[in-house]
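Beneath this line is the structure, given in structure tokens, with notes to follow.
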Amino acid sequence: MFKLMEGEDAQGSFTFLFEGQPISATPGMSVAAALLAADVSIFRQTPVSQSARGPFCMMGACYDCLVYVDGMNVQACMTKARDGMKVTRVPVINEDIET
Amino acid sequence: MNDQFDIIVIGAGPAGISAALEADHHGASVCLLDEQASAGGQIYRNVSQSTPARTKVLGSDYLKGEQLVRDLRNSGVVHRTGVTVWKVGQDGTIAYSKEEFATQIKGRHVIIANGATERSTPLPGWTKPGAMTVGAAQILMKSAGIVPTNAVLIGSGPLLYLVAQQLVTAGAPPKALVETQTKTDLLRATRHLVPALKGWKQLAKGLQLIAAIRMAGVPRFTGATNIAIHGDEKVDRVSFEANGKNHSIQVTSALLHQGVVPNTQITRSIGLKHIYSGQQHCFHPVTDLFGQSSNIVFSIAGDGAGIGGAKVAALSGKISALNAVCQIGKIPKSKCETLAAPILKKRSAELAIRPFLDAAYPPPADVLRPADETIICRCEEVTAGNIRRFASLGCKGPNQAKSFGRPGMGPCQGRYCGLTVTQILAQETKQSHDVVGAYRIRAPLKPITLKELASLETPKEPETVK
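Residue numbers (my numbering), protein chains in the order written: chain A, 2 to 100; chain B, 381 to 846.
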């Protein structure tokens with residue numbers, strides 16, 4: 002669980018959609034930070050064992066925070082949240098995609 | 381080829397910004413490439429957009445980055461933000477992508493200032509959502525103003541105390557510090573204490589941080605072993621042994637840290653010479669005093685050349701830039717040496733504390749020699765036991781290990797398992813780390829799309845000789 006630090010206000014906040022649910026973000030926030038602040042900790046399931054993963058390094062190195070933005074696989078920690086953007090979980094191979 | 385520059389600097393942290401500014405000052409054309417949207421690196425991340433609340437929490441050392449970023453803005457340096465460098469050629473040609481389009485530029489000299497990543501901390505359960513690095517938690521404070529409400533900090537090193545104190549100030553004190561360094565480590569470190577006293581300001585700051593954490597009533601456990609992170613899908617508990625007792629703490633965030641190690645993806649990809657440091661338990665590229673690497677076109681500045689911290693990085697950046705502008709003939713060698721002398725002296729004073737810190741906060745056995753069932757390659761979910769089995773089947777090095785079981789072949793390209801695989805194989809095969817070696821790194825250094833590749837300008841046909 003994450004919260005805004007003491008004295009920090011949510012000025013200029015906007016919303017985007019994650020799996021169809023509205024998520025609030027403040028200007029400059031990454032998609033990963035906004036999701037964590039909204040208590041979303043599970044971002045994806047691994048292709049190897051379908052185990053749950055979430056952000057780990059927050060600096061673009063570990064690739065554990067991958068999400069879909071407009072159908073593209075992106076690092077949520079390296080992607081700035083934008084008003085009205087549509088974010089979804091990456092489809093799970095073997096479940097969502099027939100191989 | 382779109383652009384040519386005298387100097388290209390990769391990475392806009394303290395080393396990269398200082399290098400770019402110094403080279404600009406000596407009349408070189410400079411291009412500074414950085415993956416983030418604004419300058420500062422991870423240490424001064426987002427410093428130019430900090431809010432009063434964040435500034436209060438992050439403290440005066442963080443704010444020091446503001447001046448550096450301002451100087452960069454007022455300089456002649458071409459600063460390209462949000463770019464991912466994915467190929468560095470031996471001749472100084474660099475390919476990078478921005479918003480799905482790729483570009484190639486060329487530098488007469490390239491200064492690599494890509495910094496460090498946090499040392500991998502393979503522990504049982506460290507892949508569960510809710511487990512992240514201490515640095516990641518700090519990035520969330522700097523870039524988003526958010527803090528974990530129910531966290532335990534696990535590991536060792538100065539950053540552990542800094543972030544714990546920052547969480548206290550931010551109104552979200554951690555539930556505990558689970559520290560892995562032992563009394564023996566501290567005793568062993570005391571022989572480095574006299575030289576370290578040159579860095580007394582840093583030592584005093586460390587003691588202040590520890591005092592603030594104690595004042596806030598945050599419990600500290602030291603010499604912790606058998607650390608495990610639990611939870612069905614996400615983290616809900618951390619267990620460990622300390623002082624001969626078993627402990628269990630309910631948490632939603634497990635923040636991990638065991639110091640930082642040089643990010644060697646770029647330096648490895650160019651085939652530069654590297655060496656293993658027993659003192660810092662990691663590889664670093666071989667450089668001379670001026671940051672000159674084994675290839676005349678490349679210098680390395682900052683933590684990417686060996687861990688020294690932000691102040692050392694800024695000084696190294698200046699020194700590397702002097703070397704670079706000298707290499708391309710902007711200043712004579714004698715001037716380079718005269719200008720570098722006082723900076724070299726200052727840097728060696730700043731480095732005085734390092735042997736003490738390295739000895740006092742070493743990575744513990746749990747991390748250097750993970751239990752068989754612990755995942756070490758997060759991407760391909762390869763365990764430490766898998767690597768040991770590969771060794772027993774005759775696997776001698778990390779590159780062979782890839783064909784045995786895919787460690788290092790996921791999207792992070794071995795950034796988080798590389799060092800651990802080398803360490804396990806060195807131990808199992810009784811070879812030195814240098815002999816075992818590291819993953820061979822190739823372009824693209826980060827996954828890119830075919831669209832990005834295709835967007836590169838097609839090179840012109842070579843002119844036929846008449």
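Cβ atoms here follow ideal geometry from the backbone N, Cα and C, with glycine treated the same way.
Sub-7 angstroms separation of residue i and residue j beta-carbons
i	j	result
GLY603(B)	THR632(B)	no
TYR64(A)	PRO575(B)	no
ASP683(B)	ALA392(B)	no
ALA531(B)	PRO554(B)	yes
LEU702(B)	ALA681(B)	no
VAL816(B)	THR800(B)	no
ALA550(B)	VAL527(B)	yes
GLY639(B)	ARG499(B)	yes
GLU446(B)	VAL427(B)	yes
GLN470(B)	ILE650(B)	yes
HIS406(B)	ILE711(B)	yes
GLU331(B)	SER50(A)	Past the boundaries of the shown model lies residue 331(B); chain B is included only from 381 to 846, so the question cannot be answered.
MET512(B)	PHE44(A)	no
ILE848(B)	ILE388(B)	Lying outside 381 to 846, the shown extent of chain B, residue 848(B) is not represented and no answer is given.
PHE736(B)	ALA591(B)	no
LEU452(B)	ILE397(B)	yes
ALA541(B)	LEU589(B)	According to the sequence as given, residue 541(B) is Tyr; it is not Ala. Contact: yes.
LEU557(B)	ARG600(B)	yes
ALA400(B)	LEU412(B)	yes
ARG648(B)	GLN630(B)	no
Residues near residue i in its chain [Cβ-Cβ closer than 6 angstroms; skip 5 each side]
i	result
ASP386(B)	ALA408, SER409, ARG488, ILE708
LEU635(B)	VAL514, ALA517, ALA531, LEU533
ALA395(B)	ALA493, ALA681, GLY682, ALA693, SER696, GLY697
TYR656(B)	PHE663, HIS813, ASP814
THR100(A)	Note that THR100(A) scores a pLDDT of 48, beneath 50, so its modelled location is shaky; the value from the coordinates is reported in the next line. Once the five neighbours on either side are set aside, THR100(A) has no close Cβ partner at all.
THR501(B)	LEU636, GLN638, VAL747
THR89(A)	GLU20, TYR69
ALA35(A)	ILE24, ALA26, ALA82
Selected residue, minimal CA-CA separation from residue i, among the options
i	options	result
LYS436(B)	ASN779(B), PHE784(B), GLY525(B)	GLY525(B)
ALA482(B)	GLU717(B), ALA781(B), GLY469(B), THR464(B)	THR464(B)
SER628(B)	GLY639(B), ASN606(B), GLN659(B), ARG822(B)	ASN606(B)
ILE821(B)	THR809(B), LYS782(B), ASP565(B)	LYS782(B)
GLY686(B)	GLU837(B), ALA417(B), ARG734(B)	ARG734(B)
ARG83(A)	GLY29(A), LEU5(A), ASP10(A)	GLY29(A)
GLY788(B)	TYR656(B), THR763(B), THR809(B), ALA591(B)	THR763(B)
GLN793(B)	TRP466(B), SER812(B), LEU412(B)	TRP466(B)
ASP71(A)	ALA11(A), LEU18(A), GLU9(A)	LEU18(A)
VAL705(B)	ASP752(B), GLN416(B), GLY671(B)	GLY671(B)
GLY61(A)	SER31(A), GLY21(A), GLU9(A), ILE24(A)	SER31(A)
GLU20(A)	GLU9(A), VAL68(A), GLN46(A)	VAL68(A)
GLU559(B)	GLY535(B), LYS581(B), TRP580(B), LEU573(B)	GLY535(B)
LYS691(B)	SER523(B), ARG434(B), LEU724(B), ALA433(B)	LEU724(B)
VAL548(B)	PRO778(B), ILE593(B), LEU583(B)	ILE593(B)
Supposed close pair residue i, residue j - CB separation, criterion 8 angstroms
i	j	result
VAL490(B)	ILE390(B)	7 angstroms
ARG758(B)	TYR796(B)	6 angstroms
SER42(A)	ALA26(A)	Actually they are not in contact, since the Cβ atoms of SER42(A) and ALA26(A) sit about 16 angstroms apart, beyond 8 angstroms.
ALA745(B)	LEU566(B)	Contact doesn't hold; Cβ gap of about 17 angstroms is too wide.
GLY472(B)	GLY55(A)	Going by Cβ atoms, the distance from GLY472(B) to GLY55(A) rounds to 39 angstroms, so no, they are not a contact pair.
GLU832(B)	SER477(B)	5 angstroms
VAL356(B)	LYS508(B)	Any answer about residue 356(B) is impossible in this case: the structure gives chain B only from 381 up to 846.
Sequence-distant residues of its chain with Cβ nearer than 7 angstroms to residue i (five each side left out)
i	result
GLU7(A)	none
PHE3(A)	LEU37, ALA38
LEU652(B)	PRO665, SER673, SER674, ASN675, PHE678
MET59(A)	ALA33, CYS78
ALA834(B)	none
ASP738(B)	GLN659, GLN660
TRP859(B)	With chain B covering 381 to 846 only, the question about residue 859(B) has no answer from this structure.
ALA729(B)	LYS578
ALA771(B)	LEU805, GLU808, THR809
THR667(B)	SER673, ILE680, ALA685
GLY85(A)	PHE17
MET381(B)	For MET381(B), the pLDDT reaches just 49, beneath the cut-off of 50, and the residue's location in the model is therefore unreliable, leaving the point undetermined.
SER418(B)	ASN426, SER428, GLN429, THR461
Point to revise | Positions along the segment 530 to 541 of chain B whose CB lies within less than 8 angstroms of some CB in chain A | key: ASN530
Exercise for review: Using a Cβ-Cβ cut-off of less than 7 angstroms, give me the residues of the segment 748 to 771 of chain B that come near chain A, in sequence order.
Suggested key: ARG758, CYS759, GLU760, GLU761
Exercise for review: Anything in the segment 394 to 422 of chain B with a Cβ closer than 8 angstroms to a Cβ of chain A? List those residues in chain order, please.
Suggested key: Within the segment 394 to 422 of chain B, those residues whose Cβ lies closer than 8 angstroms to any Cβ of chain A are, in chain order, GLU415, ALA417, GLN422.
Exercise for review: Taking only beta carbons into account, state which residues of the segment 474 to 493 of chain B come closer than 8 angstroms to chain A, listed in chain order.
Suggested key: none
Review point. What residues in the segment 425 to 454 of chain B bring their beta carbon closer than 8 angstroms to a beta carbon of chain A?
Key: ASN426, GLN429, THR431, PRO432, ALA433, ARG434, LYS436, VAL437
Check your understanding: Which residues, in chain order, does the segment 32 to 59 of chain A contribute to contact with chain B at a C-beta distance below 8 angstroms?
Key -> ALA34, ALA35, LEU37, ALA38, SER42, ILE43, PHE44, THR47, VAL49, SER50, SER52, ALA53, ARG54, GLY55, PRO56, PHE57, CYS58, MET59
Check your understanding: Using a Cβ cut-off of 8 angstroms, which residues of the segment 791 to 805 of chain B contact any Cβ in chain A, in chain order?
Key -> PRO791, CYS792, ARG795, TYR796
**Study point:** Short-range partners of chain B found in the segment 61 to 73 of chain A, where Cβ spacing is below 7 angstroms
**Key:** GLY61, ALA62, CYS63, TYR64, ASP65
Review point. What are the residues of the segment 637 to 663 of chain B that lie near chain A, defined by any Cβ-Cβ distance shorter than 7 angstroms?
Key: none
Review point. Closer than 9 angstroms, Cβ to any Cβ of chain A: which residues of the segment 491 to 521 of chain B, in chain order?
Key: THR497, GLU498, TRP506, THR507, LYS508, PRO509, GLY510, ALA511, MET512, THR513, GLY515, ALA516, ALA517, GLN518, ILE519, LEU520, MET521
Exercise for review: Quick one: which residues of the segment 13 to 26 of chain A get their C-beta closer than 9 angstroms to a C-beta of chain B? List them in chain order.
Suggested key: Per Cβ criterion, the list reads ALA26.
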